[in-house]
């Protein structure tokens with residue numbers, strides 16, 4: 702892997718390049734084909750490569766919490782984040798792995814899945830929902846996860862992020878999917894985008910990395926890395 706912007710270098714320190722610029726930050730991490738598709742055959746993994754997986758690991762190691770929508774959690778077969786030896790210096794003073802937080806209005810999740818049954822006590826899975834969610838499902842999920850209620854008829858993302866922050870979970874790594882990304886952008890809550898561009902043309906009906914209401918979020922290009930034809934970009938929002 703080599704750095705090609707803003708300068709050229711074969712010496713790459715991923716932990717330094719992807720360090721959070723401030724304590725409270727919402728970072729999107731996505732992969733897309735060269736023609737903008739967010740998945741291949743319904744999954745993002747078909748677009749990924751060795752370098753993307755390496756960066757994915759660093760980003761998870763740096764995060765306080767991993768955020769994802771219920772559709773992504775089901776499609777990708779999410780389990781809890783597993784501690785890695787390489788995370789020790791990244792997580793000094795914090796638990797060995799971040800919890801996963803799932804956004805779901807309907808609470809249509811399997812409480813017997815590994816995401817809940819295999820999560821360590823220090824990283825118990827968090828379910829973020831709203832008051833309109835079925836009460837019986839909310840009670841069921843409360844038995845296997847931490848439940849945050851934010852919003853009335855729909856999830857209030859700003860309130861949800863504030864509640865996570867109140868628990869010390871301020872550095873948020875959002876892994877999508879595209880609908881969640883679009884909602885965060887519409888609500889003006891996105892601080893960073895880490896986007897891998899895969900050297901593939903896919904066509905078809907796959908969504909872009911934002912799939913939803915229009916938004917206008919100005920980002921500056923922080924760096925570009927390259928490996929095996931993949932481009933690894935990081936865009937950051939100017940400090941507000």
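Numbering (the working numbering), first residue to last: 702 to 941. From the three backbone atoms N, C-alpha and C, an ideal C-beta is built for every residue, glycine too.
Note to self: Based on DSSP bridge pairs, tell me the residues matched to residue 897.
What the structure shows: Position 196 of the chain shown holds residue 897. DSSP output for residue 897 lists 732, 933 as bridge partner(s).
Margin query: Once DSSP output is grouped into helix, strand and coil, what is the label at residue 803?
Written below: Taking the chain shown and counting its residues from 1, one reaches residue 803 at position 102. The answer is strand: DSSP assigns residue 803 an E or B state.
Checklist line | Those residues which DSSP pairs with residue 769 across a bridge | finding: For the purposes of this step, residue 769 is taken as residue 68 along the chain shown, with counting starting at 1. Residue 769 is bridged to 803.
Next item on the list: Would you kindly report the start and end of the unbroken beta strand (DSSP E) that includes residue 703?
Entry: For the purposes of this step, residue 703 is taken as residue 2 along the chain shown, with counting starting at 1. Unbroken beta strand (DSSP E) run through residue 703: 703-706.
Next item on the list: Could you check the C-alpha separation between residue 915 and residue 887 for me, to the nearest Å?
Entry: As a working mapping, residue 915 is identified with position 214 in the chain shown. As a working mapping, residue 887 is identified with position 186 in the chain shown. Distance between the alpha carbons of residue 915 and residue 887 is about 7 Å.
Notebook entry, point to check: With a CB to CB cut of under 7 Å and the five nearest residues on each side skipped, what residues in its chain are close to residue 716?
Noted result: The count along the chain shown starts at 1 and reaches residue 716 at position 15. Excluding residues within five positions, the ones whose Cβ falls inside 7 Å are 759, 791.
Checklist line | CA nearest to the CA of residue 833, picked from 851, 822, 910 | finding: Mapped onto the chain shown, residue 833 falls at position 132. Taking only the C-alpha atoms, the option nearest residue 833 is 851.
Next item on the list: Please name the residue in 726, 753, 731, 736 whose C-alpha comes closest to that of residue 926.
Entry: Residue numbering aside, residue 926 sits at position 225 when the chain shown is read from its first letter. Nearest C-alpha to residue 926: 753.
Note to self: In chain order, what are the residue ranges of uninterrupted alpha helix (DSSP H) at least 4 long that sit wholly in the region 788-832?
What the structure shows: 815-818
Next item on the list: Report yes if the C-beta distance between residue 798 and residue 783 is below 8 Å; otherwise report no.
Entry: Here the question's residue 798 lines up with position 97 in the chain shown. Here the question's residue 783 lines up with position 82 in the chain shown. Taking 8 Å as the Cβ cut-off, residue 798 and residue 783 qualify as a contacting pair.
Check: Relative to the C-alpha of residue 744, which residue among 903, 872, 860 is closest?
Finding: As a working note, residue 744 is residue 43 in the chain shown. Selected option, being the one with the closest Cα: 903.
Check: According to DSSP, is residue 774 helix, strand or coil?
Finding: Counting from one through the chain shown, the residue named residue 774 turns up at place 73. Reduced to three states, the DSSP call for residue 774 is helix.
Check: Which first and last residues belong to the beta strand (DSSP E) in which residue 873 is found?
Finding: In the chain shown, residue 873 corresponds to position 172, counting from 1. Start and end: 872-875.
Check: Looking at the structure shown, is residue 849 part of a helix, part of a strand, or coil, going by DSSP?
Finding: Taking the chain shown and counting its residues from 1, one reaches residue 849 at position 148. Strand at residue 849.
Notebook entry, point to check: In chain order, what residues of the same chain have a beta carbon less than 8 Å from the beta carbon of residue 741, not counting five sequence neighbours either side?
Noted result: Counting from 1 along the chain shown, the entry for residue 741 is found at position 40. Correct list, in chain order: 734, 747, 748, 901, 903, 907.
Notebook entry, point to check: Looking at the structure shown, is residue 928 part of a helix, part of a strand, or coil, going by DSSP?
Noted result: Counting from 1 along the chain shown, the entry for residue 928 is found at position 227. If DSSP states are grouped into helix, strand and coil, residue 928 belongs with the strands.
Margin query: Here's the rule: buried if 16 or more other CB atoms are within 10 angstroms of the residue's CB, otherwise exposed. What is residue 876?
Written below: Reading the chain shown from its first residue, position 175 is the one you call residue 876. Buried, because 16 or more other Cβ atoms sit within 10 Å of the Cβ of residue 876.
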